[in-house]
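This report refers to the structure that appears directly beneath it.
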Amino acid sequence: MEMIPLPQISVGAIAPELTLVAAAMIILMLEVFTISKGRDNLAYVALAAVGVAGYLVIESLGSPMTTFSKMYVVDDFSGFIKLVCLLGAGMTILMSVKYTRDEGIDGGEYYSLLLFATTGMFFMVSGADLITIFLGLETMSISLYALAGYARGRLASNEASIKYFILGALSSAFMLYGMSMIYGAAGVTNLHEIARIIGQNKENIHLVMLGGGLVLIGFAFKISAVPFHMWTPDVYQGAPTPITAFMSAGPKAAAFAAFIRVFSDALISLQYQWWIIVWILAVLTMTVGNLIALSQENIKRMFAYSSIAHAGYILVGFTAGGKLGESAMLFYLLIYTFMNIGAFAIVAIVGQQGEERTSVSDFAGLGYRHPLLGLAMVALLFSLAGIPPTAGFWGKYYLFTAALDQGYVWLAILAALNSVIAVFYYLRVIVVMYMREEKGESLPQNAFPASIVVVILVAIYGSVLLGITPGGYLALAASSSLAH
Amino acid sequence: MMMNNYLMLSAALFVIGAVGVMIRRNVIVVMMCIELMLNAANLSFITFANYRHDMTGHAFVFMVIAVAAAEAAVGLAVVLAMFRNRETVDVDEMNSMKG
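Chains as they are written, first to last, in this note's numbering: chain A, 3 to 486; chain B, 23 to 121.
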């Protein structure tokens, strides 16, 4: 009798994921035995897990491998995005400590869900198979639906959660249907195999195009590209601020990573069909995001539209493709995580209990009442606007030069014009902070616990200092790109 | 020939689901429509798997069934939280945020 060959399984490859899942479960257990005062400690358990996972990811850099019957790939590309996701998760956990206590929503599930969502992102970026990518995406999304509605008593949070759930599930269904067509055409779900089969055999090319289009719609929802951005402003405004910060960074980076893997690996032979669609998506996303952001009064909503615009800039790098485009995207995702989460941390501080102060006018006179906080906000806004010499400027510079390098001159011009529009609404906040009549009272002394100060300092490091010496991170991004 | 019929059925189910998500106002019905879309995709997977005599499609469907169950659980919890605050499950009344 013949022996049944066992599939090759190497648990070491998923050590970071195992760490996160184990920590998430331990936190759920610990929560039962913790009195309400000790709940802050759960945050530090989660933070420690993020740290250990980060160490394991860094250890795995430089030694690519494919395991679990070629369904799971560990390479520098996935490693880089995983580090971005962990950075986002770590900063979110730190800024949640005070927020959740103030809102009375501190609990172990909050941090477990954050870790589960991060695990989902890991499976998404490391997925070398449609099944792995779909499962990772859903693990991430389902955790995020629950997190968006975590402030159960607040109506805005309920609404955010329902809207995110309905549109997220709808986009998953589109993506799944598209995947079924790609599977139908190729007969396999492995990304490399799909690329090989549809590269050789053009018979079912229409089915692949239809499937690819549906998968593209699914990804466009997740990265909130126009015209699939409708959920973003409501969800970002209604969700608890730390969760908004989290959603704007890690999940977006993971969705972009899976997007790159599917389209520039499995569907590479259709490149001439999809680049024009991505070109149009990039231009629409940048322009609509920036124009609507101009007229926003709620600062969380303004950042939601600005995050749509930033997704548009990243799509510029995606259109360009190649090593240059991909490394520019990775670098931008890293910087964007720093500066956006930092800005949301300040929004959370100013918002105070119940998120009552989230309109732009609540920032009036902040620059005088709290000079250091004002200065930090200015630095982060300059970086988001892309004013030299901040990191945001270099990120945009590399994205746009990647587009120019591939001959997409108009795309680069439109992107540059768009970053000029963006300066207006970022500067408006600064003008309100320094030139508008002071009306609010100072923030209470306890508004600045060490945990949130650390988040802001890390954000400043990432968006200002990293801009002065971007070399090391840029080299890391370049060596991490999929294309060679 | 048989395969085409199944694929047509799957496409019809998917479209019914998608249209339902857009026009129905009750969140519970919207969730049912999403389930319909997921199952349309499942049917499509099964059809292709059967046509190709390949097990991957079947495996995918089992994964999707598990995911759909988790999704329904979280979705219903979210709807319940909403209902406690607002006493409605009408999507048209979820309009507290504008801009």
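Note that the Cβ used here is the ideal one computed from N, Cα and C, for glycine as well.
Examine chain B for any beta-carbon lying closer than 8 Å to the beta-carbon of residue i, and answer yes or no.
i                : result
Gly151 (chain A) : yes
Asn292 (chain A) : no
Tyr147 (chain A) : yes
Glu111 (chain A) : no
Asp108 (chain A) : no
Gln10 (chain A)  : no
Glu105 (chain A) : no
Gln239 (chain A) : yes
Asp407 (chain A) : no
Ile144 (chain A) : yes
Phe223 (chain A) : no
Ala158 (chain A) : yes
Exposed or buried, what is residue i when buried is set at 16 or more other beta-carbons lying within 10 Å of its beta-carbon?
i                : result
Leu374 (chain A) : exposed
Thr471 (chain A) : exposed
Met288 (chain A) : buried
Val210 (chain A) : buried
Gly356 (chain A) : exposed
Phe426 (chain A) : exposed
Gln239 (chain A) : buried
Asp114 (chain B) : exposed
Val285 (chain A) : buried
Gly220 (chain A) : buried
Met44 (chain B)  : exposed
Met93 (chain A)  : buried
Glu109 (chain B) : exposed
Ala88 (chain B)  : exposed
What does the alpha-carbon distance come out to for the pair residue i and residue j?
i                : j                : result
Val100 (chain B) : Leu149 (chain A) : 10 Å
Tyr274 (chain A) : Tyr399 (chain A) : 25 Å
Phe402 (chain A) : Ala51 (chain A)  : 37 Å
His208 (chain A) : Lys72 (chain A)  : 27 Å
Leu484 (chain A) : Glu328 (chain A) : 7 Å
Val127 (chain A) : Ala15 (chain A)  : 13 Å
Ala48 (chain A)  : Met31 (chain A)  : 13 Å
Leu293 (chain A) : Ile389 (chain A) : 19 Å
Thr120 (chain A) : Gly56 (chain A)  : 12 Å
Ser32 (chain B)  : Arg74 (chain B)  : 17 Å
Pro7 (chain A)   : Val49 (chain B)  : 48 Å
Phe333 (chain A) : Lys39 (chain A)  : 40 Å
Ser182 (chain A) : Val455 (chain A) : 47 Å
Val76 (chain A)  : Ile133 (chain A) : 16 Å
Leu218 (chain A) : Leu146 (chain A) : 21 Å
Pro451 (chain A) : Asp42 (chain A)  : 12 Å
Ile278 (chain A) : Ala393 (chain A) : 29 Å
Gly213 (chain A) : Ile28 (chain A)  : 40 Å
Determine, for residue i, whether the minimum Cβ-Cβ distance to residues of chain A falls below 8 Å.
i                : result
Arg47 (chain B)  : no
Gly79 (chain B)  : yes
Met116 (chain B) : yes
Met119 (chain B) : yes
Asn107 (chain B) : yes
Met24 (chain B)  : no
Asp76 (chain B)  : yes
Met30 (chain B)  : no
Let me check understanding here. Comparing Cα to Cα, which of the options lies closest to residue i?
i                : options                                   : result
Val2 (chain A)   : A:Val210, A:Met331 and A:Val352           : Past the boundaries of the shown model lies residue 2 (chain A); chain A is included only from 3 to 486, so the question cannot be answered.
Gly186 (chain A) : B:Phe67, B:Val52, B:Met30 and B:Val49     : B:Phe67
Gly81 (chain B)  : B:Ala94, B:Leu65 and B:Cys55              : Note that residue 81 (chain B) corresponds to Ala in the displayed sequence, not to Gly. Residue B:Leu65 is the option with its Cα nearest to Ala81 (chain B).
Ala162 (chain A) : A:Pro391, A:Ala45 and A:Thr234            : A:Thr234
Trp281 (chain A) : A:Ile270, A:Gly323, A:Ile301 and A:Pro7   : A:Gly323
Thr243 (chain A) : A:Val210, A:Gly81, A:Arg371 and A:Ile107  : A:Ile107
Leu382 (chain A) : A:Val237, A:Phe305 and A:Leu445           : A:Phe305
Asp76 (chain B)  : A:Val190, A:Leu368 and A:Leu32            : A:Val190
Ala1 (chain A)   : A:Ile245, A:Tyr238, A:Ile316 and A:Gly214 : There is simply no residue 1 (chain A) to check, as chain A begins at 3 and stops at 486 in what is shown.
Met59 (chain B)  : A:Leu169, A:His312, A:Asn192 and A:Arg371 : A:Leu169
Ala295 (chain A) : A:Phe136, A:Pro66 and A:Val422            : A:Val422
Val519 (chain A) : A:Thr321, A:Val349, A:Asp104 and A:Ala378 : Outside the modelled stretch of chain A, which goes from 3 to 486, sits residue 519 (chain A), for which no answer is possible.
Val457 (chain A) : A:Thr246, A:Arg154 and A:Phe346           : A:Phe346
Val52 (chain B)  : A:Leu20, A:Ile37 and A:Lys165             : A:Lys165
Glu205 (chain A) : A:Gln408, A:Ser174 and A:Ala188           : A:Ala188
His231 (chain A) : A:Phe265, A:Leu283, A:Gly213 and A:Arg263 : A:Leu283
Ser482 (chain A) : A:Leu336, A:Thr36, A:Val380 and A:His372  : A:Leu336
Ala387 (chain A) : A:Ile11, A:Tyr338 and A:Glu4              : A:Tyr338
Is residue i a contact residue of the ligand ATP, with contact defined as CB to any heavy atom under 7 Å?
i               : result
Cys87 (chain A) : Looking at this structure, you won't find the ligand ATP or any other ligand, since it has none at all.
I'd like to know whether the C-beta of residue i is nearer than 8 Å to at least one C-beta of chain C.
i                : result
Leu116 (chain A) : In summary, chain C is missing from the structure at hand, where the protein chains are A and B.
To be precise: take each residue of the segment 180-213 of chain A, compare its Cβ to all Cβ atoms of chain B, and keep it if any distance is under 8 Å. Which residues remain? So the list reads Met181, Ser182, Met183, Tyr185, Gly186, Gly189, Val190 and Thr191, given in the order they occur along the chain.
Would you list, in chain order, the members of the segment 41-73 of chain B that have their beta-carbon closer than 7 Å to a beta-carbon of chain A? Result list: Val43, Val49, Val52, Ile56, Met59, Leu60, Ala62, Ala63, Ser66, Phe67 and Phe70.
Closer than 8 Å, Cβ to Cβ, to anything on chain A: give me those residues from the segment 87-104 of chain B, in chain order. Taking 8 Å as the Cβ-Cβ cut-off, the segment 87-104 of chain B approaches chain A at Val89, Ala92, Glu93, Val96, Gly97, Ala99, Val100, Val101, Ala103 and Met104, given in chain order.
Mind checking the segment 259-286 of chain A against chain B and listing, in chain order, the residues whose C-beta falls within less than 8 Å of any C-beta there? For the segment 259-286 of chain A, the set of positions with a beta-carbon nearer than 8 Å to some beta-carbon of chain B is empty.
Going along the chain, which residues of the segment 29-63 of chain A sit with their C-beta nearer than 9 Å to a C-beta in chain B? So the list is empty, because no residue satisfies the distance condition.
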